[in-house]
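The numbering of the sequence shown is my numbering, which starts it at 147 and goes up by one. Glycine included, each C-beta is placed from N, C-alpha and C at the ideal position.
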Amino acid sequence: MRLKPKIVIDHQVRNQSDRGGAAIQLLVLHSTESHNRPGDSDLAAIAAWFDNAASQASSHVVIDADGHSARLVADDRKAWTCAAFNAVSLNIEQIGIAAEGNWPETEINECARWLARWSLKHKVPLRRGEVSGSRVVRSGVVTHAQLGAVGGGHSDPGSGYPVAAVIERAKEIKTELQKEGNQ
């Protein structure tokens, strides 16, 4: 299996800001609530929306069902995606619809690649994270839904999203990256 994410669009969007010195504690999983389209047009459309000042939204990475990524906000910057937790999180938008619960293995693997790399680089454990109100109780991987009202009040990526499987895959990739001395 490929260990590095496949970045097909690398474009820093305007909707981002400074972290204000906050340490990264959460890796947040999202869904775009849009359908995957063949090719990279879906990634390009989401990147364009996140680059539009009117959207007031962004994410660090967007992944499609083909296992391709759009890199939109650098790790050291704050993406605008989960309200009170923006400063302490890195965020992955996955193209899909939560209610459909259809998460192709190629998309799951690409998500796991990002989680593994970020875990190594930013020392965020590959485990389920936890928040209480606007406070991080346990650093790790969370869904947007777990962040509650202060995180934007969203329900993505849905109850059928395979969080445990994604974390396990990320652990496998992280082990391989460590063996190779990569990040």
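What's the gap between the Cα of residue i and the Cα of residue j?
| i | j | result |
| --- | --- | --- |
| H214 | P184 | 11 Å |
| G297 | R148 | 32 Å |
| S235 | T252 | 24 Å |
| A211 | L218 | 18 Å |
| V277 | H268 | 19 Å |
| N255 | G166 | 31 Å |
| A230 | S280 | 6 Å |
| A190 | C257 | 18 Å |
| H181 | V270 | 30 Å |
| S285 | H206 | 18 Å |
| D164 | A200 | 19 Å |
| W250 | A244 | Rather than Trp, the amino acid found at residue 250 in this sequence is Pro. Answer to the nearest angstrom: the Cα atoms are 13 Å apart. |
| G247 | R223 | 30 Å |
| P303 | I209 | 13 Å |
| L172 | V288 | 7 Å |
| E326 | R263 | 12 Å |
| K150 | S265 | 14 Å |
Buried or exposed: where does residue i fall if 16 or more other Cβ atoms within 10 Å of its Cβ makes it buried?
| i | result |
| --- | --- |
| D156 | exposed |
| V312 | buried |
| R315 | buried |
| Q324 | exposed |
| Q158 | exposed |
| V174 | buried |
| I238 | buried |
| T178 | buried |
| I192 | buried |
| Q162 | buried |
| R160 | exposed |
| I319 | buried |
| T227 | buried |
Check residue i in the structure and name its three-state DSSP category.
| i | result |
| --- | --- |
| L218 | coil |
| D188 | helix |
| N232 | helix |
| L323 | helix |
| I313 | helix |
| A199 | helix |
| A168 | coil |
| V318 | One point to set straight first is that residue 318 is Glu, not Val, in the sequence displayed. Here E318 sits in helix by DSSP. |
| G297 | helix |
Who pairs with residue i in a beta bridge, going by DSSP?
| i | result |
| --- | --- |
| K224 | S163 |
| N237 | V174 |
| D156 | R217 |
| V208 | A216, E239 |
Against chain C, does residue i count as a neighbour if the rule is that its beta carbon must be under 8 Å from one of theirs?
| i | result |
| --- | --- |
| H181 | The chain labelled as chain C is not found in the depicted structure, where only one protein chain is given. |
Start-end ranges of the alpha helix (DSSP H) lying completely within the stretch 247–292, minimum 4 residues
251–268
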